[in-house]
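The block underneath contains the structure these notes are about, expressed in C-alpha cells.
There are 2 protein chains.
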Amino acid sequence: MTTAKGNAPEAPEGYDKHAFEPFAVTVDLAVFTVRAAVLQVLLIERGREPYAGCWALPGGFVLPDESAETAARRELAEETGLSDVTGLHLEQLRTYSEPDRDPRMRVVSVAYAALLPDAPEPHGGSDAARAQWLPYDGLGPLAFDHDRILADAHERVGAKLEYTCLATAFCPPEFTLGELQQVYETVWGTVLDRPNFRRKVLATPGFVELIPGAARLTGGRGKPAALYRAGSATTLHPPLLRPSPSWEGPSS
Amino acid sequence: MTTAKGNAPEAPEGYDKHAFEPFAVTVDLAVFTVRAAVLQVLLIERGREPYAGCWALPGGFVLPDESAETAARRELAEETGLSDVTGLHLEQLRTYSEPDRDPRMRVVSVAYAALLPDAPEPHGGSDAARAQWLPYDGLGPLAFDHDRILADAHERVGAKLEYTCLATAFCPPEFTLGELQQVYETVWGTVLDRPNFRRKVLATPGFVELIPGAARLTGGRGKPAALYRAGSATTLHPPLLRPSPSWEGPSS
DNA sequence: TCCTTAATAGTCACTCAGACTATAAAGAGG
DNA sequence: CCTCTTTATAGTCTGAGTGACTATTAAGGA
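Chains A and B are the protein sequences, given in the same order.
Start counting the first sequence at 1; every next residue gets the next number (my numbering).
Start counting the second sequence at 1; every next residue gets the next number (my numbering).
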C-alpha cells in the first residue's frame with residue numbers, strides 16, 4: 001500500500017538529499033515451553049549455507065503489508081502448526097542490526113519471545129527444514145547471532161516472571177500451584193520454598209483463581225492438588241524476586 | 001562491507017524462493033533531560049511535508065555500514081551538538097514497523113531513549129530545521145507515531161529508575177542527594193519523602209559515593225548539602241518503587 | 001498397617017518501607 | 001545579634017512482606 005514502488009526505491013518526495021540503503025527486515029522468534037520440568041526452545045535445522053546443519057531460531061521476512069508483530073505471529077503459526085495463535089503471549093525483545101550479522105546481505109531482524117503452554121510437536125511443514133523442541137540447557141552454538149538473541153530472550157522471560165503474571169502463559173487452562181511453581185523453577189533454574197510460593201501467589205489478587213471443587217492427582221502420589229486458572233491481573237506488586245537476585249542484567 | 005551490493009538487491013544465494021521487500025530503516029531518539037525540575041525532551045520542528053511545522057523526534061537513516069546503535073549515537077551527536085556522546089546512556093526501546101506509519105514509504109524505525117545530565121542548547125546545525133528542548137508535559141501532537149514512541153520512552157525510563165541506578169545519568173558528575181531526588185520526582189511526577197529517599201539511596205552499596213569534604217549551597221538557602229558522585233552499581237536490589245505503583249504498564 | 005509422597009496450614013524472626021519527629025547549618029530581616 | 005525560614009541530616013516507630021521453618025492432611029505403595 002504505502003510501500004516504495006518496485007524493488008529499487010530511490011529517495012521519494014521529502015527524502016531528496018538523504019542517502020538511504022534498503023535493508024531486508026526479518027523477524028526471529030524465541031519460542032519457549034516448559035515440558036517435564038525442562039525449558040524447551042523451538043528450533044529449526046538449517047538445510048543450506050550459511051550455517052547448514054546448524055540449529056537456528058524460526059523466523060522469516062516481514063512482508064510488504066505486514067508489521068513486524070504480524071509477521072512474527074504468522075511465522076509462529078507456520079512453525080508450530082498451531083491453528084490459533086491469537087491468545088499466545090508474544091513480546092517484542094529488541095532489534096539486531098549489526099551490519100555483518102548475516103554474511104549474505106544486510107538484514108535487520110526484530111526478535112520476539114513467545115510462550116507456549118503445552119508443547120505440541122512442531123508441524124515441520126512449510127519451509128522449515130526440520131523444526132523441533134530442544135532443551136534450552138546444553139544447546140550448541142546456533143546460527144548467526146541467534147545464541148545472543150536466545151540468551152536475551154531467556155533473560156527477558158526470567159525477569160518478566162518476577163514482576164508480571166506471565167508464568168500462567170506457560171500453563172494449560174487449568175493447573176495446580178505446583179505446576180505454576182515448576183514454571184518458575186524451570187525458567188529460573190532455582191528451587192523455591194513451596195509454602196512461601198503458595199502464600200505469595202494466593203496473596204496477589206487476580207494472579208490465579210480457584211476452580212471450586214476441582215482437584216487433580218499430580219504424579220499419582222500424594223494429596224490431590226486444587227486446580228486454578230489464570231486470573232485477570234497482569235502485574236505483580238510487590239514482585240516475586242529470584243532467590244539469586246538479578247544483579248547481572250541481560251547478556252546484551 | 002557485507003551489505004547488499006548496489007541499491008536494488010535481488011534475492012541473493014540462499015534466499016532464492018523468498019520474496020522480500022526492501023525497507024528503509026531509521027532510528028528515532030527520545031532524548032530526555034531534567035532542568036529546573038522539569039522533564040524536557042529534545043524535538044525538532046519539521047520543515048517539510050508531511051507534518052510540516054510539527055514537532056518530531058530527532059532521527060535519521062541507518063547508513064549501510066552502521067548498526068542501529070551506531071546510527072543512534074551519531075544522530076545524537078549531530079542533534080545535540082555535543083562532541084562526546086560516548087558516555088551517555090543510550091537504550092534501545094523497541095522497533096516500530098506499522099506499514100502505514102510513514103505516508104511516503106515503508107519505514108521501519110528502531111527507537112532509542114537517551115538521558116542527558118545538563119541541557120546544552122541544541123546545535124540546530126546540520127539538517128535539523130530547528131532543534132529545541134521542550135517540556136514533556138503539555139506537548140501537542142507530534143509527527144508520525146512519535147507520540148507513542150515518546151510515551152513508551154517515558155514509561156521505560158520511569159520503570160528503569162525503579163530497579164537500576166540510571167537516575168545518576170541525569171545528574172552532572174557531582175550532585176547532591178536533593179538533586180538526585182529531584183530527578184525521581186520529575187520523571188515520576190510524584191513527591192518523595194526526603195529522609196526515606198536518603199536512607200534508601202545510601203543503603204544501596206555502590207549507588208552513590210560521598211565526595212569527602214565537599215559541600216554545596218543548594219539554592220543559597222539552608223544547610224549546605226554533601227556532594228556525591230555516581231557509584232559503580234548498576235541495579236537496585238531491592239527496587240525503589242514508585243508511590244503510585246506501576247499497575248499500568250507502558251502505553252503500548 | 002505403616003511408610004512415602006505431595007499438598008496445605010501455620011509460626012517466628014528479620015528486613016524494609018512509610019510516616020513521622022528532631023536536630024544542624026546556612027541566609028534573611030528586623 | 002537574635003529570630004525566623006529554609007534545607008540537609010539523623011533517628012524512631014510500626015506494619016507489610018518474606019525466608020526459614022514445623023505441622024497436618026490426603027493420597028498410593030509395600
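The beta-carbon is built from N, C-alpha and C at its ideal position, and this holds for glycine as well.
Taking all protein chains in view, the Cβ of valine 191(A) is surrounded by fewer than 16 other Cβ atoms within 10 Å, so the residue is classified as exposed. Pairing alanine 72(A) with leucine 116(A) gives a Cβ-Cβ distance that is not under 9 angstroms. Among the residues of chain B, none has a CB under 7 angstroms from the CB of proline 122(A); the nearest is roughly 20 angstroms distant. Counting of Cβ neighbours within 10 angstroms places alanine 24(B) among the buried residues, the total reaching 16 or more.
The straight-line gap separating the alpha-carbon atoms of leucine 217(A) and alanine 226(A) is approximately 9 angstroms. Arginine 74(A) and histidine 237(B) have their C-alpha atoms some 39 angstroms from each other. Counting every other CB atom within 10 Å of its CB across the protein chains shown gives lysine 160(A) a total of 16 or more, marking it as buried. A check of alpha carbon separations from alanine 169(B) across Leu210(B), Asp65(B) and Leu90(B) identifies Leu90(B) as the nearest. When secondary structure is reduced to three states using DSSP, phenylalanine 175(A) falls in the strand class.
Close to chain B, meaning a Cβ-Cβ distance shorter than 7 angstroms, are the following residues of the stretch 92 to 120 of chain A: Gln92, Arg94, Thr95, Ser97, Glu98, Pro99, Asp100, Pro103, Arg104, Met105, Arg106, Val108 and Val110. Note on the stretch 107 to 147 of chain B: whole beta strand (DSSP E) runs with a minimum of 3 residues are 107 to 116 and 131 to 135, in chain order. Looking from the CA of proline 120(A), the closest CA among Val41(A), Ala230(A), Trp55(A) and Ala151(A) belongs to Val41(A).
About 15 angstroms separates the Cβ atoms of tryptophan 55(B) and leucine 39(B), ruling out a contact at the 8 angstroms cut-off. Chain B has no Cβ within less than 9 angstroms of the Cβ of valine 31(A). Restricting attention to Pro64(A), Ala113(A) and Val107(A), the CA atom closest to the CA of valine 31(A) is found in Ala113(A).
When secondary structure is reduced to three states using DSSP, glycine 158(B) falls in the helix class. With a threshold of 9 angstroms between beta carbons, histidine 154(B) makes no contact with chain A. Between arginine 194(B) and leucine 134(B), the alpha-carbon positions lie close to 28 angstroms from each other.
For the stretch 53 to 83 of chain B, the set of positions with a beta-carbon nearer than 8 angstroms to some beta-carbon of chain A reads Gly60, Phe61, Val62, Leu63, Pro64, Asp65, Glu66, Ser67, Ala68 and Glu69 in chain order. Where leucine 76(B) is concerned, the enclosing alpha helix (DSSP H) starts and stops at 68 to 80. Collapsing the DSSP output to three states places phenylalanine 207(A) in coil. Of the residues assessed, proline 212(B) falls on the exposed side of the cut-off, its CB having fewer than 16 other CB atoms within 10 angstroms. In this structure aspartate 100(B) is exposed. Its beta-carbon is surrounded by fewer than 16 other beta-carbon atoms within 10 angstroms. Counting only the Cα atoms, proline 58(A) lies some 10 angstroms from threonine 80(A). The C-alpha of threonine 33(B) lies about 47 angstroms from the C-alpha of serine 83(A).
Between glycine 231(B) and the set Leu202(B), Tyr163(B), Gln182(B) and Trp188(B), the nearest pair of CA atoms involves Leu202(B).
Here proline 141(A) has Cys54 and Asp147 as same chain residues with Cβ atoms under 8 angstroms from its own Cβ, once five neighbours each way along the sequence are excluded. The Cβ atoms of threonine 235(A) and threonine 164(A) lie closer than 9 angstroms to each other. Distance between glutamate 66(A) and leucine 241(B), taken at the CA atoms: about 38 angstroms. In the structure shown, glutamate 98(A) adopts coil according to DSSP, grouped into three states. Around the beta carbon of proline 122(B), 16 or more other beta carbons sit within 10 angstroms, so the residue counts as buried.
Contact annotation, alanine 68(B) with valine 107(B): C-beta distance approximately 13 angstroms; criterion of less than 8 angstroms not satisfied. Proline 224(B) has its alpha-carbon roughly 52 angstroms from the corresponding atom of aspartate 145(A).
An exposed status is given to arginine 130(A), since fewer than 16 other beta-carbon atoms sit within 10 Å of its beta-carbon. Leaving aside the five residues that flank alanine 153(B) on each side, the residues in its chain whose CB is nearer than 6 angstroms to its CB run, in chain order, Ala30, Leu93 and Ala113.
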